[in-house]
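Take a look at the structure set out below.
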Amino acid sequence: MPNHFVFDKSSRPVYTNLTNTYKSPGTVALPETGAGAAGNLYAASATNSATLALGGTVAITLQVANPAGSGKTLYVSRIAGGVTVALNLLSSFTGTLTLTKGGTLTSPTTLTPVNSNFASTNTSVMTVHSSTSAPNGGTAFFSIPLQAGPFLYDEAGGYVVPPGQTITMSVSGSLSVTGVVGTTADLVWWEA
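This note's numbering numbers the first residue of the sequence shown as 169 and each following residue consecutively.
Here is the structure:
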C-alpha cells in the first residue's frame, strides 16, 4: 500500500482556502445564538415580594404552555432567578427551585414573552402565566434548595416541551422570623 502525502501541495491548495472570515466565522455557537439572530428566542420574567411579619413563604411561579397544534416545539435555553432576603438571621431562611411538567396555577396573570431580537417582529406561540402561589398538581422533575441570591442554569435545549405540554418553574423563599423576601423567576427558550 502506498504512503501518500497527506497534505496538499502548495500549488494545489484544496484545503487551505480561507473559509473562516470575519463575516461568517467558523466558531462553534450554542443553538440560542442562531435562534436569537432569527428572532425565535424569547424570555419571560416574574417577581413577587412581601414582608413576613412572623415568618412565612413568598413564591413566584412561571408557567409556559405550548398549545396543542402550535406546530412549534419549545427548547429551554436558560432558567434563572433569585431570592432576596432582608433580615439579620439568615439561618432562618430556606429557598427552593422546582421545575414541574404540567400543573395548574392559582389566580394566574398573563405575561407577554419578550423577543430577544429587538429588531424582529416575531411573536411567541407559547402561553405564559405567572402566579404568586406554588403550582397545584403536575409532575415535579427537578427540585433543589436555594441560598439567598441569584441562580442561573444554562440548559441549551436540554428540556423539550412539545405541543400540548407545559413547563412550570416555581421559586420560593421561607422565613421563620420577620423579614422581607423577594423571589424572581426567569425562563428563556427558543421555538422551532
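A virtual CB, placed ideally from N, CA and C, is assigned to each residue, including glycine. Keep in mind the model is a prediction, meaning the values are calculated, not measured.
Is G239 near N290, with beta carbons less than 8 Å apart? No, they are not a contact pair.
Could you tell me the boundaries of the alpha helix (DSSP H) in which P318 lies? For P318, there is no enclosing alpha helix (DSSP H); the residue is part of the beta strand (DSSP E) that begins and ends at G317 to D322.
So P235 is in the alpha helix (DSSP H); what residue range does that whole segment cover? Here P235 belongs to no alpha helix (DSSP H), and DSSP marks it neither H nor E.
Can you tell me whether P281 is buried or exposed, with buried defined as 16 or more other CB within 10 angstroms of its CB? Flag for P281 reads buried.
Kindly indicate which three-state DSSP category G224 falls into: helix, strand or coil? Three-state DSSP puts G224 in a strand.
Using the C-alpha atoms, what's the distance from A197 back to L186? Only weak support exists for where L186 lies, its pLDDT of 47 falling under 50; the coordinates are left without a value.
Close beta carbons around A236, own chain, < 7 Å, minus the five adjacent residues each side: If we look at A236 and ignore the five residues flanking it on each side, its Cβ neighbours are P331 and G332.
Residues bridged to Y210 by DSSP? Y210 is bridged to N283 and W357.
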